[in-house]
Amino acid sequence: MLYGEYELADMNGFADFHVEIRYVPNLKRLFDPEIRFYFDGMPSFSVLPAQQSFPTLEWGLNWCVAAHSHHYLVVHAAVLERNGFALIMPAPPGSGKSTLCAALMMNGWRLMSDELTLYDRNTGHIYGHPRPVSLKNRSIDVISSAFPDSIMTTPVMTESKGMVALLKPPESAVVSATVPAKPRWLVLPKYEQGTEARFERQGSARTFALIAEQSFNYDLLGLDGFNAVGSLVDQCICAKFTYSDLDEAMSLFQNIEAHLHEVASATP
Amino acid sequence: MLLLEVLRKPKHISSLRLSEWDLLIRQARSADLLGRLWREVELSGQVDRVPEAPKRHLLAAKFLVERQHDAVRREIGYIDEAMRAAGLRAILLKGAAYVATGKALATGRTFSDVDILVDSDDLAAAESALSIYGWQPVKQSAYDEAYYREWMHEIPPLVHVKRNTTLDLHHAILPITARIKVNTQGLREGNALVDGCTNLYVLQDADMLLHGATHLFHEGELAHGLRDLHDLHLMFGEFGALPLFWDHLLIRARYLGLMTPLLYAVRYSRRKFHTAFPQEFLGQLKNQPGQGSILMDFCYDRALLPKHASCEQFGSGLARVMVYLRSHWLKMPLGLLVYHLSVKSLARLRAKEDKAATA
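In order, the protein sequence lines correspond to chains W and D.
Numbers in the working numbering are just positions in the first sequence, counted from 1, shifted up by 2.
Numbers in the working numbering are just positions in the second sequence, counted from 1, shifted up by 24.
Below, the structure written as structure tokens:
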């Protein structure tokens, strides 16, 4: 259901990561089965209820990418594409990043990733890895009522994030998974109940600090990492975005280029 | 095993199929040898012959290793500072020593901690100096703490409060109870001062190799076994090119009491990596007692391979247990061994029960 659009791996080809979700062979297997994530035979620390298999698989895949893709600057941020340009949304958990990302994806933006933005510092291109979008708690209802046709997994209770459901990405996003985009808009989303949707100015120095902080390998890449964050921020127009209503938000993102120019040119 | 074939004959790299790259990257990752694999690719001039997908993994490993080396060099500076303040001298061991001396074998070598050796009389002073500079002991169970202090050749690992780096402080290279008696004082001969340091030294080449061999063949869990053996293989190659090295190596091995580890290092480096040795040197080793046995080969042939599904063979699990038992057997007398292993397994059982109770 979730993964129908993904191509099967060529068994004689090269796979970046070999992962497994296995049942834990214990007595609980009979009435309350548990699972564990394996990376090429190496077990992860946590044992989880079997209902959490899909979120665990996605978490595991994100870990694989974040921990091994040092040829990119890896940033914890959602990324979507329109007309060849990338919209990057770094944000700590709870900021409404995934909800916004899901809504944009349903409104014609191509999902590149809801978790990991991969910046190729040699070509200046952004790569994603489109996976099902992980919706948490209230955003599950928000998205399923705003987009009744959307396909998602049954929500499951997790210890770390509360309720989690995975939202299926559109076929187009999966088919164009390897197509890069040029970084263009860097937006820090924030959900605030009852507020009017608006873009606001965000200085590039602050954005630099935030990207560095939200990056998995900024420190590992050393000077390269510093330069990568610098060139990424330099290529983008930066802004904050606060919203409560998704429709309002969507209409502002329609004209993102004009809005961002406006707030960027406003005097601080 | 594909990884071994490639490390023996890096020429093979350009003829690998994608499915072989898939296996090679996985085997190298699980053996902690991805960085070294990239070194072989570069040294053999085949960078352009590696397909994009595996190349990304190799480059990622290269970045990681280079960063670890920067971090190790910084740590070395800080340790030197602490030793200088206390007026002590210390010797860097293993990986940190390879990096500090700029040995060719350092390239691509991964790290988890830094090891230093001080005179046993200086141990307390060194510990307190390091603690002033932020290295604090990791909390151990009362038994482990007492065990380290009484029997081991090192104190419990120290972790830096700010940088979270681990430092192992040794006062000998084997426990006092070990079956082979090491001339620890002898290790202080011919030390070289580390560039840019005032109080940190490294062992002379032959001793560096002998220490690596001693460590590997007394180790109970060979998580990095193949990587450490590869270190030895590269040292044989790098140091062996120096004039008179082989005769000197034999003299040092005899003098330090480390002939047996040397024999094993030569044997398994040849078996795994087909290391080239001068005939004359091999001839001189032939007359030494303790040449290894079918049982040793059964154990080490298996236990030295990485713990990866593609490397498991008949008896791998048994071989690992035997190596574990052998290492303890070598390090302590039987009575102490029995006592130690029973306390350890009891503690493990108890931890399991506690976990089950809280779950």
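Idealized CB from N, CA, C, for every residue including glycine.
Treat the numbers as computed from the prediction; the structure is a model and nothing was measured.
- Secondary structure note for Arg133 (chain W): it is in no beta strand (DSSP E), with a DSSP letter that is neither H nor E.
- Between Asp116 (chain W) and Ser100 (chain W), the CB-CB gap stays under 8 Å.
- Per DSSP, the beta-bridge partners of Ala241 (chain W) are W:Val189 and W:Arg203.
- At a cut-off of 8 Å between beta-carbon atoms, Trp62 (chain D) makes no contact with chain W.
- Along the stretch 215 to 229 of chain W, going in chain order, the ones with a CB nearer than 7 Å to a CB of chain D are Leu222, Leu223 and Gly224.
- Under DSSP, Met107 (chain W) takes part in no beta bridge, so it has no partner.
- Where Met283 (chain D) is concerned, the enclosing alpha helix (DSSP H) starts and stops at Met283 to Phe297.
- The C-beta separation of Thr222 (chain D) from Arg108 (chain D) comes to about 5 Å, placing the pair in contact by the 8 Å criterion.
- Contact fails between the stretch 330 to 338 of chain D and the stretch 350 to 358 of chain D, because fewer than three Cβ pairs, one in each stretch, are under 8 Å apart.
- Minimum Cα-Cα distance from Leu282 (chain D) among the listed residues D:Leu58, D:Leu233 and D:Leu342 corresponds to D:Leu233.
- Using a CB distance below 8 Å, the part of the stretch 67 to 80 of chain D facing chain W consists of Pro75, Ala77, Pro78 and Arg80, ordered along the chain.
- Inter-residue distance for Phe305 (chain D) and Trp61 (chain W) is about 54 Å (C-alpha atoms, whole angstroms).
- For the 8 Å CB-CB criterion, Met252 (chain W) and Ala104 (chain W) do not form a contact.
- For secondary structure counted as the beta strand (DSSP E) over 3 or more consecutive residues, the stretch 148 to 183 of chain W holds these complete runs in sequence order: 158 to 160 and 164 to 169.
- The Cβ atoms of Arg91 (chain D) and Leu120 (chain W) lie no closer than 8 Å to each other.
- Secondary structure at Pro51 (chain W): strand, using DSSP grouped into helix, strand and coil.
- Nearest Cα to Ala237 (chain D) within the set D:Leu224, D:Lys86, D:Asp252 and D:Leu227: D:Asp252.
- Put simply, the backbone Cα of His20 (chain W) is about 23 Å away from that of Leu31 (chain D).
- Annotation for Val65 (chain D): the continuous alpha helix (DSSP H) segment containing it runs Leu58 to Leu67.
- A distance below 7 Å between beta-carbons, with the five flanking residues on each side excluded, links Pro357 (chain D) to the following residues of its chain, in chain order: Thr201.
- Going by beta carbons, Pro191 (chain W) and Leu234 (chain W) fall outside the 8 Å limit.
- Along the stretch 9 to 25 of chain W, going in chain order, the ones with a CB nearer than 9 Å to a CB of chain D are Asp12, Met13, Asn14, Gly15, Phe16, Ala17, Asp18 and His20.
- C-alpha of Val138 (chain D) to C-alpha of Lys368 (chain D): approximately 26 Å in a straight line.
- Contacts with chain W at 8 Å (Cβ-Cβ) include Leu83 (chain D).
- Under DSSP, the beta-bridge partners assigned to Met91 (chain W) are W:Ala80.
- Going by beta carbons, Trp187 (chain W) and Ile142 (chain W) fall outside the 8 Å limit.
- Under the Cβ criterion (8 Å, minimum of three pairs), the stretch 198 to 214 of chain D does not count as touching the stretch 158 to 168 of chain D.
- Within chain W, the C-beta atoms nearer than 8 Å to that of Leu88 (chain D) come from His72 and Leu222, in chain order.
- Ranked by Cα distance from Arg294 (chain D), the first of D:Ile275, D:Arg372 and D:His254 is D:His254.
- DSSP lists D:Pro161 and D:Leu191 as the bridge partner or partners of Leu182 (chain D).
- Rounded to the nearest whole angstrom, the C-alpha separation of Gly196 (chain W) and Glu202 (chain W) is 17 Å.
- Contact with chain D is absent for Asp122 (chain W), since none of that chain's Cβ atoms lies less than 8 Å from the residue's Cβ.
- For Val185 (chain D), the closest alpha carbon among the candidates D:Lys296, D:Leu42, D:Glu174 and D:Tyr157 is that of D:Tyr157.
- Under the Cβ distance rule, Asp249 (chain W) does not count among the residues neighbouring chain D, no pair being separated by less than 8 Å.
- With respect to chain W, the C-beta atom of Arg344 (chain D) has no partner C-beta closer than 8 Å.
- Taking 8 Å as the cut-off, the Cβ atoms of Phe322 (chain D) and Pro285 (chain D) do not count as close.
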